[in-house]
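Comments concern the structure below.
Residue numbers (my numbering): 62 to 324.
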């Protein structure tokens, strides 16, 4: 008898638009609705799968929203103390140089307590990938002002907005590491639209493949929203990010291998 529904037609391979990679574990994400962490996890999982690196990948996640990464990616993952992921990744890569090693860090971790580890790992040119999620706030611990909170941006500890005269200027970590001799590829992307997801995936693919060249540190910043910390809906937070975060943290490559070759 003929099928009563067209379900079998829908799931035929030629009609399949997207399927979950097996590197992404089938666990419910703990991230808030609209957050960029889940999308970034998915991109990393897809690339690890597509490049055949699942058995050779070691990720390092410290304290913050990234701390549960081991619950979602089916690869070896080492936890690190707050801010120390680049130091732990350095040790892993030096001991196991044939592995693909990456850190996954938020701005409260990488740009605050981890500033020293980040800068010195990049300056040494450690052959690792650093993935930096920048939502301009401490997302996990209550929405406090972070080193990356932009001028005028409100947080639980800057309810009137960040005043640079009393609170200092935001720290543009990606711009800083791009000036260091040890970095090989430095870029800033986002994951808030399909087009930007494709650009970010392309950038991360480059960063992963560059690790095989042993030319230095690759650093990929992803400017993200934090709907819960910003007290906005996901849609409104994406709009606010475009209008306020991107002018301060413009998207695009900051340092590429071709630019270095020209010098």
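Ideal Cβ placement from N, Cα and C applies to all residues, glycine included.
Whole-number beta carbon distance between residue 313 and residue 278, since they are thought to touch under 8 Å | Their Cβ separation, rounded to whole angstroms, is 19 Å, which puts residue 278 and residue 313 out of contact at 8 Å.
When burial is assigned at 16 or more other CB atoms within 10 Å of the CB, is residue 158 buried or exposed?
-> exposed
Sorted by chain position, which residues of the same chain lie with C-beta nearer than 6 Å to residue 227's C-beta, five sequence neighbours on each side aside?
-> none
State the Cα-Cα distance for the pair residue 92 and residue 250, rounded to the nearest angstrom.
-> 20 Å
Do the segment 125 to 140 and the segment 210 to 222 meet, that is, are 3 or more Cβ pairs less than 8 Å apart?
-> no
Is the Cβ-Cβ distance between residue 283 and residue 89 less than 8 Å?
-> no
Which residue comes first and which comes last in the alpha helix (DSSP H) that contains residue 156?
-> 146 to 156
Using DSSP with H/G/I as helix, E/B as strand and the rest coil, what is residue 252?
-> coil
Which value, in whole angstroms, describes the spacing of the CA atoms of residue 120 and residue 204?
-> 26 Å
Is residue 187 helix, strand or coil by DSSP?
-> coil
For the beta strand (DSSP E) that residue 215 lies in, which residues bound it at each end?
-> Counting along the chain, residue 215 falls outside any beta strand (DSSP E), and DSSP gives it neither H nor E.
Quick one: measure Cβ to Cβ for residue 197 and residue 175, integer angstroms, because I've assumed they're closer than 8 Å.
-> Residue 197 to residue 175, Cβ: 16 Å. No contact.
Nearest neighbour of residue 224, chosen from 79, 115, 206 and 241 [CA to CA] | 206
In chain order, what residues of the same chain have a beta carbon less than 6 Å from the beta carbon of residue 148, not counting five sequence neighbours either side?
-> 178
Residue 98 to residue 129, Cα distance in whole Å?
-> 11 Å
List the endpoints of the continuous alpha helix (DSSP H) containing residue 284.
-> Where residue 284 is concerned, there is no enclosing alpha helix (DSSP H), although the beta strand (DSSP E) it sits in stretches over 278 to 284.
Apart from the five residues just before and just after residue 315, which ones in its own chain have a Cβ nearer than 7 Å to its Cβ?
-> 235, 236, 239, 247, 248 and 249
Pick helix, strand or coil for residue 125, following the three-state DSSP scheme.
-> coil
Anyone know if the C-beta pair for residue 252 and residue 285 falls short of 8 Å?
-> yes
For residue 87, the three-state DSSP class (helix, strand or coil) = coil
Leaving out the 5 sequence neighbours to the left and right, which residues in its chain are closer than 8 Å to residue 78 when beta-carbon positions are compared?
-> none
Keeping to the same chain, check which residues put their C-beta closer than 6 Å to that of residue 146; ignore five residues upstream and five downstream.
-> 121, 123, 164 and 166
Kindly identify the DSSP beta-bridge partner or partners of residue 316.
-> 247
How big is the Cα-Cα spacing for residue 255 and residue 220?
-> 33 Å
From the DSSP output, in three-state form, read off residue 196 for me.
-> coil
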